[in-house]
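Below: the structure, in structure tokens.
Protein chains: 2
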Amino acid sequence: VLSALLNGRIVLDVQHALSVEERGFAYGHGVFETMALRDGRVRFLDDHFERLSEGCTRLKIPIPSTESLLSDVSQLLEKSKDGVIKLIVSRGSGGRGYRPEASLIVTRLALLYPKPPDQSGSISARWCNTRLARNSQLAGIKHLNRLEQVLAQSEWDDTAIGEGLMLDTEGEVVCGTSSNLFIVTSGVLSTPDLRFCGVRGIMRLQVLKAARCLGIEVEERALWPDDVESADELFVTNALRGIRSVVRLERREWPQSSIADRLSHALEAME
Amino acid sequence: VLSALLNGRIVLDVQHALSVEERGFAYGHGVFETMALRDGRVRFLDDHFERLSEGCTRLKIPIPSTESLLSDVSQLLEKSKDGVIKLIVSRGSGGRGYRPEASLIVTRLALLYPKPPDQSGSISARWCNTRLARNSQLAGIKHLNRLEQVLAQSEWDDTAIGEGLMLDTEGEVVCGTSSNLFIVTSGVLSTPDLRFCGVRGIMRLQVLKAARCLGIEVEERALWPDDVESADELFVTNALRGIRSVVRLERREWPQSSIADRLSHALEAME
Numbered sequence: 037v038l039s040a041l042l043n044g045r046i047v048l049d050v051q052h053a054l055s056v057e058e059r060g061f062a063y064g065h066g067v068f069e070t071m072a073l074r075d076g077r078v079r080f081l082d083d084h085f086e087r088l089s090e091g092c093t094r095l096k097i098p099i100p101s102t103e104s105l106l107s108d109v110s111q112l113l114e115k116s117k118d119g120v121i122k123l124i125v126s127r128g129s130g131g132r133g134y135r136p137e138a139s140l141i142v143t144r145l146a147l148l149y150p151k152p153p154d155q156s157g158s159i160s161a162r163w164c165n166t167r168l169a170r171n172s173q174l175a176g177i178k179h180l181n182r183l184e185q186v187l188a189q190s191e192w193d194d195t196a197i198g199e200g201l202m203l204d205t206e207g208e209v210v211c212g213t214s215s216n217l218f219i220v221t222s223g224v225l226s227t228p229d230l231r232f233c234g235v236r237g238i239m240r241l242q243v244l245k246a247a248r249c250l251g252i253e254v255e256e257r258a259l260w261p262d263d264v265e266s267a268d269e270l271f272v273t274n275a276l277r278g279i280r281s282v283v284r285l286e287r288r289e290w291p292q293s294s295i296a297d298r299l300s301h302a303l304e305a306m307e
Numbered sequence: 037v038l039s040a041l042l043n044g045r046i047v048l049d050v051q052h053a054l055s056v057e058e059r060g061f062a063y064g065h066g067v068f069e070t071m072a073l074r075d076g077r078v079r080f081l082d083d084h085f086e087r088l089s090e091g092c093t094r095l096k097i098p099i100p101s102t103e104s105l106l107s108d109v110s111q112l113l114e115k116s117k118d119g120v121i122k123l124i125v126s127r128g129s130g131g132r133g134y135r136p137e138a139s140l141i142v143t144r145l146a147l148l149y150p151k152p153p154d155q156s157g158s159i160s161a162r163w164c165n166t167r168l169a170r171n172s173q174l175a176g177i178k179h180l181n182r183l184e185q186v187l188a189q190s191e192w193d194d195t196a197i198g199e200g201l202m203l204d205t206e207g208e209v210v211c212g213t214s215s216n217l218f219i220v221t222s223g224v225l226s227t228p229d230l231r232f233c234g235v236r237g238i239m240r241l242q243v244l245k246a247a248r249c250l251g252i253e254v255e256e257r258a259l260w261p262d263d264v265e266s267a268d269e270l271f272v273t274n275a276l277r278g279i280r281s282v283v284r285l286e287r288r289e290w291p292q293s294s295i296a297d298r299l300s301h302a303l304e305a306m307e
């Protein structure tokens, strides 16, 4: 990490910063955002803040003020014009047991990372064995309970595989381990509706908006492995890596997605 | 917290101890144990260590040596003869993204808390609205992804309610927010089998052992709300609070559980 702010103040010793009683650590009671910093600007900042707020509301965490979040981002922008900013908001430090005292002060952590190596271009994917549990109460938000994603990514270490696709416990397709999934079938764009699990990705949102602008028919619906395997085109989306065609999934192959290319160009033009 | 050890060393500043990149914080990649310290001894220490090890194995976290864990406990025992010791083992600090580098050093945190106020005696309970998601891959172990328990406990603040009982997303009864549940029906003791979710409690294990010693018939099986509401006796178990009769659930009432009393006495005698 290049720089860290804890509740708005520069962290001098990043190895010794958080309380031993931090409830984000004890129970994962918090949310996070991972944002692309490009040319001195955070991409889709408003959408990230909006999802963060919704997550806080759903997890009964007081929402940090937009001023405080903007101030964190501004301070980190002074350090670098490109890179990644990760924001974590958690319930705060103190007490044992699942019930937080109402007086606890929320923990706001802002981390600056260097620009990751270029990860554009098409990828090969695999199906993961780790399943996502269904709980509509936690669906959509980017909370700190991410064991399923951690276990899913631990399933492979072949660097030729760029993403693992995940099913929920009933066998519905949900997402990639750190991306959302889109398929194109007979010209219609479809993506899982995430009513039971998965994160409503910020790039997923941009793709839905851009598709509507371009007049591409879009559906958010239940998808099953057969739908994916019989699709004409596949791609995954992530706030840092953008839109990436999936050209291989296990033994099936696809061409580079032409709709993904159109959407990428439209997104670059819209910003 | 009275005292804290991080990787075996006393923490001088408990408010500034953990790394900003701690993976237990970022993703909940870790496990914990909460153990009763009584008369200079940790109750059921071997069982706690065994569950901790199983959790590490299932979450692909290197298991801390028994020597290191025993050394932590001994150091805390020097500070107090009674209280609560909480152990947290997490994947360690470093990196962004769900995949930990293999070289990361595991974080071992041992916390000493004062003896909680006496919480024996019978309780009233309620049904929680928050459901537990089903994922057999995470069932049974005491991992750090505990948002469902946090949300369930936030549902009530009436101190007359001692526990909330939780269903899974399919409506099966699983446990209390921080306890396991037993019912007695026609002399047979039953408890949820936890095949999809819930934690295999250490006190639950002792109750199963004691019941077998006493010749009480025991079943681990699927339980539904009707089974609970039509039972002859109910009780919940927790490593710190022991065995507690549930004498009221919403509008239904029960007598103090006689089997719970027999089991409590047997457990005290067995130690």
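These protein sequence lines map, in sequence, to chains A and B. Following our numbering, the numbering of the first sequence begins with 37 at its first residue and continues without gaps. Following our numbering, the numbering of the second sequence begins with 37 at its first residue and continues without gaps. We treat Cβ as the ideally placed atom computed from N, Cα and C, and that holds for glycine.
Short of 6 Å in beta carbon distance, which residues of its chain neighbour residue i, apart from the five on each side in sequence? Order them along the chain.
| i | result |
| --- | --- |
| A:T195 | none |
| A:W163 | L201 |
| A:K151 | D118 and G119 |
| A:E253 | V224 |
| B:E58 | S129 |
| B:I141 | G128 |
| A:S293 | E269, F271 and S281 |
| B:L145 | L42 and I124 |
| B:T143 | S126 and G128 |
| A:R277 | Q155 |
Would you say the beta carbon of residue i comes nearer than 7 Å to a heavy atom of the ligand COA?
| i | result |
| --- | --- |
| A:L187 | The ligand COA is absent from the structure shown, which contains no ligands of any kind. |
To which residues of the same chain is residue i closer than 8 Å at the C-beta, ignoring the five residues directly before and after it?
| i | result |
| --- | --- |
| A:V264 | L201, V209, L217, I219, L270 and L285 |
| B:V50 | V37 and A40 |
| B:E259 | Looking at the sequence shown, residue 259 of chain B is not Glu but Leu. The residues are E208, V209, L217, I219, S226, T227 and P228. |
| B:E289 | V283 |
| B:L180 | G60, G64, H65, G66, V67, F68, I124 and S126 |
With which residues is residue i paired in a DSSP beta bridge?
| i | result |
| --- | --- |
| B:F68 | B:I124 |
| A:R74 | A:R77 |
| A:I99 | Paired residue(s): none; A:I99 is not in a bridge. |
| A:G200 | A:R162 |
| B:S129 | B:E58 |
| A:E289 | A:R284 |
| A:R45 | A:L42 |
| A:G119 | A:L73 |
Taking a contact to mean a Cβ-Cβ separation below 8 Å, would you say residue i touches residue j in this structure?
| i | j | result |
| --- | --- | --- |
| B:E309 | B:L148 | Past the edges of chain B, shown from 37 to 307, lies residue 309 of chain B, and the structure says nothing about it. |
| A:L187 | A:K115 | no |
| B:K117 | B:D154 | no |
| A:Q173 | B:T213 | no |
| B:A246 | B:A302 | yes |
| B:G237 | B:L168 | no |
| A:D83 | A:L241 | yes |
| A:N171 | B:E184 | yes |
| B:V125 | B:G66 | yes |
| B:L112 | B:I121 | yes |
| B:S104 | B:G60 | no |
| B:V283 | B:S158 | yes |
| A:E90 | A:I177 | yes |
| B:M239 | B:T273 | yes |
| A:I197 | A:S222 | no |
| A:L54 | B:A275 | no |
| A:P291 | A:L203 | no |
| B:A267 | B:R231 | no |
So residue i is in the alpha helix (DSSP H); what residue range does that whole segment cover?
| i | result |
| --- | --- |
| A:S300 | S294 to M306 |
| B:A62 | R59 to Y63 |
If you follow the beta strand (DSSP E) that residue i is in, where does it begin and where does it stop?
| i | result |
| --- | --- |
| A:L105 | No beta strand (DSSP E) holds A:L105; the alpha helix (DSSP H) holding it covers T102 to L113. |
| B:A40 | S39 to L42 |
Skipping 5 residues on each side, what residues in its chain have a beta carbon closer than 7 Å to that of residue i?
| i | result |
| --- | --- |
| A:R257 | S226 and D229 |
| B:Y134 | Y63 |
| A:R248 | V254 |
| B:E137 | G130 and G131 |
| B:A316 | Missing from the structure shown is residue 316 of chain B; chain B here goes from 37 to 307 and no further. |
| B:E191 | C164, N165, T166 and G200 |
| B:V47 | A40, L41 and A53 |
| A:S107 | G44 |
*Output the residue ranges of the beta strand (DSSP E) runs that lie fully inside the segment 136–197 of chain A and measure 3 residues or longer, sorted by chain position.*
Within the segment 136–197 of chain A, complete beta strand (DSSP E) segments of at least 3 residues are found at 143–149 and 159–163, given in chain order.
*asked:* Ignoring anything shorter than 4 residues, give me the alpha helix (DSSP H) runs that lie fully in the segment 205–283 of chain A, in order along the chain.
replied: Within the segment 205–283 of chain A, the complete alpha helix (DSSP H) runs of at least 4 residues are 238–249 and 261–265.
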